[in-house]
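From first to last, the protein sequence lines stand for chains A, B and C. Note that my numbering has the first sequence beginning at 1, numbered continuously upward. Note that my numbering has the second sequence beginning at 1, numbered continuously upward. Note that my numbering has the third sequence beginning at 1, numbered continuously upward. Data block below; observations after.
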Amino acid sequence: MDDEITLRVTRYRPDKDDEPAWQDYDVPLRTEWTVLDALNHVKDDVDTTLAFRWSCRMGICGSCGMNVDGEPRLTCATFLSDYAPGPVRVEPLGNFPVARDLVVDIDDFMRKLPQVKPWIIREEEQSVDDGEYLQTPEELDAYKQFSMCINCMLCYAACPVYGLDPDFVGPAAIALAERYDLDSRDQGARERLDVLIEHEGVYGCTFVGECTRVCPKHVDPAGAIQRYKLKTAQQSVKAFLLPRALRR
Amino acid sequence: MSDDQVVAGHDVLLVGGGLAGLRAAIAVAESDPGLDVAVVSKVYPMRSHSVSAEGGAAGAIAADDTLDEHAYDTVSGSDWLGDQDAIEAFVREAPRELLRLEHWGCPWSRQPDGHVAVRAFGGMKKKRTWFAADKTGFHMLHALFQTTLKYDEVARYDEWFVTRLLVDDGRVHGVVAVELRSGRIRAITAKAVILATGGCGKVFPFTTNANINTGDGMALAYRAGAPLKDMEMVQYHPTGLPFTGILITEATRAEGGWLVNKDGYRYLQDYDLGKPTPTPELRSMELGPRDRLSQAFVHEQEKGRTVESPYGEVVHLDLRHLGAELIDSRLPFVRELCLKYERIDPVTDLIPVRPVVHYMMGGVSTDIDGATPLAGLFAAGETACVSINGANRLGSNSLPECLVFGARAGRAAAEYAAGAPALPAAIAAQVSDEVRRIEQEVMGSAPRDDSIAAIRTQMQETMEISAGIYRTGESLAKGMDTLQELQERLPKVGIRDTSHAWNTELMAALEAANMLDVAECMLASGLQREESRGAHQRTDFPARDDERFLAHQLVVRNDDGTPRVERQPVTITRWPPGERVYGR
Amino acid sequence: MTDAGDQQTRLDERGGYRRPVPVLWWIRKPTYFLFVMRELSSIFVAWLVLYLLLFVRAVGRGEAAYQEFLDWAASPWLVVLNLVAFAFVLLHTITWFALTPQAMVVDLRGRRLPPAAIIGAQYAGLAVVSAFVLWLVTR
């Protein structure tokens, strides 16, 4: 008999159920299968009503984030055999409202994203005719890590602050703001500061560090946030101590 | 029309929120701030498959490079099926679009002096491929998406699935779409619609493509009466991982990787692609065009020189001689993917690879400004076929293609919309009809002992045999018969999921219907092209036949639902048809 | 029309099912537990500061007050408290040192200082100060 493993999956239909419930599925335990492969097996051959998001299956689109045995993970990058003998709990991504089965509502993040102004802000735009803004490899390295975010939101699922207070701007949004602040072509740090210095901005973070631990792309949002805090503290001190003429 | 049927009206509507769609949206907003533009996509824009492109984007900027050389490489790469006026416009605008994206924050890899760096790529005589490490598509899409957030004029319908184009009297007037979250079905009216839904790799079993690439835009256009062009031209990328089909970028070969068979022999030298050299020579050996490399694999397999693996025959990609430092700085994502999905380290191990379906040269037929023959309907990106890629696309041409033609289609659609007439009353009937079709016919039919997955798998298996790297008239015709049967089975499958909210089974059924239409067009077109050119190789017609087939093939839907194939001449400007020469 | 229009209003109002956060959320994961302990440790840091101030005050008030303080400090519950406090201060110090490189990025002559250097520097500093205090107290 082939090896099998039980998936314990959250089911929830908003137009029919009052609250989520578990449903168990026994799936083959194949060494090359990811949890996503197992879910697709269920959807194709066992229960066509199971709903979940997925797309690229190679860890770059950020669609397939779910809580696997309580940990936020990309199911396309999580191997089933790591959970043998099981059962494996597969739940919707933590800290977000559940829209249906394993699908969560990420409107909150989509709303916060534009608030941190994640685009190049310049006093004067250069024309395309004048070529590229020069940027050395060292200048690129300064922000490169923070540009790797795939918006999978595992960090939001891991963050206890966000879990308790959904108004917190959150790790990915702040890391993205820092990515632009550190980009040598950008001049918009002041504008982003106004948003992030609010109580629900960087100072909502208590440096739990879970976001960095679960990030599949090694963005280190916790580091981005603490560095941002240090930067804003330095700005405040400078503003307080230095005469206007010497402030930047 | 009753108010609850229409959710909103716009001037220009983008279907698809990837690289081409978002670029077009910005082009509309910038060309006329008074215009109302919206993007409807079945996924959030940052999930679009543009995100997975790895290798780079071509734009001639090096001091020793010229637009003409980029154009010639593209023309010959296309096996002379590319329209040369479109190619000339493309190579001219590509560098400007890539620079514009740089201004919008794209983190292009740089030379020590701060200028953008360029690298070699398959089929290109000079180094002209811009890159952002080996995650070029990811960085381009995110920079572009984040820039669109700056434009208040660009509205978005995230996770709405478009099921049909509204057409009246030869003009497009918008779409009908399902809001996935709630299941409600509404019309979004628009004066102009731009299709930018990407490719259709999922009609095949092994593909680098994502779950979402089901040819939706192509099917929408086809059913609305717009022709699809060059549908037989499917690109097999030579290096995909077995089982998953995950893409291993051409950049591995541009940086010096070798393709070897089971004897460790660089077999490409046997196929008129030049002689092996220790470092890569442009347009030679591993830097030859993708169609020729994929065909070489098939020949090696026939000779029994490929390697047996648990997931089929493979060859090996050897990167060991590049060293860990180069791999970590230029190909870090490749290393990550190999470690994760193959449990091997390219620094010390050989990577198992095989050709997998990657890109669709064919698509919705457009002119050089992205306009289809159907008034108000435009298309751009992989969904469209202008054509600049002809019978074979060169690596790193598709990313700038999305930007160049996304922008052109945006501007053309904006101009059209500014002068377009008002919505006709007849549209209301179409909307009601579509709602009824989905609610009652698709969702209402009782579940039978059949499944969407079974139909889809059979379609994919059929396409693998009938539309593989080498094809015959017999297998193409047989494939069409099988697809016909599958098209009859699908409406009867029935949907078990009765919930309206987030009904992914409904989505799978609609996508399967789209895929069957697209697959049928691919085989119908392939059957009519009785020659071998680029990616379309017929063992029963092994030679290129410029006399009869230096032409595009257009597939148009007859009233009874069957496809008919017409021909359209290729635009030749400065490069008369010649021999495609690589490695000598 | 028999579509989901009516249900939509209900779903909109609901905005998805919000899973309740349990009061003891921090027991569920070792990393959460460690975090809460780390935060709690600041209470013990405050206690030891207070204790040190009381100690200094006792010393300043002369022999009798100093002896009284020592007797008080020897009471078992206080010893236990201070042992616990010391453990928490150790936790506080170790986690603080470990987290510093994430918060503070130091570039020296164009190269980024590795995290180990920053952590090592802090322990070195701790060692130096501790050695000095030890010398002060034992001479």
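No residue lacks a Cβ here, since even glycine has one placed at the ideal position from N, Cα and C. Note that this is a predicted model, so its numbers are computed, not measured.
- In terms of beta-carbon proximity, Cys61 (chain A) lines the interface with chain B, with at least one pair separated by less than 8 Å.
- Contact check between the segment 91-111 of chain A and the segment 154-164 of chain A: three or more CB pairs, one atom from each, fall below 8 Å, which counts as touching.
- Between Gln235 (chain B) and His358 (chain B), the C-beta spacing is below 8 Å.
- Ile351 (chain B) is bridged by DSSP to B:Leu317.
- At least one CB of chain B lies nearer than 8 Å to the CB of Lys16 (chain A).
- Two segments are said to touch when three or more pairs of C-beta atoms, one from each, lie closer than 8 Å; by this definition the segment 443-460 of chain B touches the segment 495-507 of chain B.
- Assignment of Thr129 (chain B) by DSSP, reduced to helix, strand and coil, places it in the strand class.
- A residue is called buried once 16 or more other Cβ atoms fall within 10 Å of its Cβ, and Ser329 (chain B), having fewer, is exposed.
- Contact annotation, Leu165 (chain B) with Leu510 (chain B): C-beta distance approximately 14 Å; criterion of less than 8 Å not satisfied.
- Of B:Lys126, B:Asp318 and B:Gly174, the smallest CA-CA separation from Ala422 (chain B) is found for B:Gly174.
- The beta carbons of Gly201 (chain B) and Asn213 (chain B) sit closer together than 8 Å.
- In this structure, B:Tyr72 is the residue among B:Met361, B:Glu488, B:Tyr72 and B:Glu250 with its C-alpha nearest to the C-alpha of Gly578 (chain B).
- Considering only beta carbons, no part of the segment 64-88 of chain C lies closer than 7 Å to chain A.
- Taking a C-beta distance under 8 Å as the contact criterion, Thr74 (chain B) and Asn397 (chain B) qualify as a contact pair.
- Taking a contact to require three or more Cβ pairs closer than 8 Å, the segment 80-94 of chain A and the segment 481-493 of chain B do not qualify as touching.
- Comparing C-alpha distances from Val556 (chain B) to each of B:Val518, B:Glu547, B:Gln537 and B:Ala535 shows the shortest one belongs to B:Val518.
- At least one CB of chain A lies nearer than 8 Å to the CB of Lys150 (chain B).
- Using a C-beta cut-off of 8 Å, the segment 247-254 of chain B makes no contact with the segment 73-87 of chain B, since fewer than three inter-stretch Cβ pairs fall below that distance.
- One Cα belongs to Ala64 (chain C), the other to Leu70 (chain C), and the distance between them is close to 10 Å.
- Per DSSP, Lys191 (chain B) lies in no alpha helix (DSSP H); the unbroken beta strand (DSSP E) holding it starts and ends at Ile185 to Leu195.
- For Arg354 (chain B) against Glu313 (chain B), the beta-carbon gap comes to about 7 Å, under 8 Å, which counts as contact.
- Rounded to the nearest angstrom, the gap between the Cα atoms of Thr348 (chain B) and Ala524 (chain B) is 46 Å.
- Contact between Leu140 (chain A) and Pro112 (chain B) is ruled out by a C-beta separation of about 11 Å, above the 8 Å threshold.
- Taking a Cβ-Cβ cut-off of 7 Å, the neighbours of Asn151 (chain A) in chain B comprise Met46, given in sequence order.
- Between Trp47 (chain C) and Ala74 (chain C), the CB-CB gap reaches or exceeds 8 Å.
- Counting along the chain, Arg335 (chain B) sits inside no beta strand (DSSP E); it lies in the alpha helix (DSSP H) bounded by residues Pro332 to Tyr341.
- Residue state for Glu71 (chain A) is assigned as strand, using DSSP reduced to three classes.
- Annotation: Ile60 (chain A) to Val51 (chain B) spans about 7 Å, alpha carbon to alpha carbon.
- The shortest C-alpha to C-alpha distance from Cys152 (chain A) to any of A:Asp181, A:Asp167 and A:Asp105 is the one to A:Asp105.
- Take the alpha-carbon of Asp32 (chain B) and the one of Leu19 (chain B): they are about 20 Å apart.
- Under the three-state reduction of DSSP output, Ile455 (chain B) falls in the helix class.
- The contact set of Thr31 (chain C) on chain A, defined by CB atoms closer than 7 Å, consists of Glu210 and Arg213 in chain order.
- Under the three-pair Cβ rule at 8 Å, the segment 52-63 of chain B counts as touching the segment 94-110 of chain B.
- When C-beta atoms of the segment 111-126 of chain B are compared with those of the segment 116-126 of chain A, fewer than three pairs fall below 8 Å, so the two segments do not count as touching.
- Of the other Cβ atoms in all chains shown, 16 or more fall within 10 Å of the Cβ of Leu141 (chain B); this residue is therefore buried.
- The shortest C-alpha to C-alpha distance from Glu382 (chain B) to any of B:Ala551, B:Asp216 and B:Lys340 is the one to B:Asp216.
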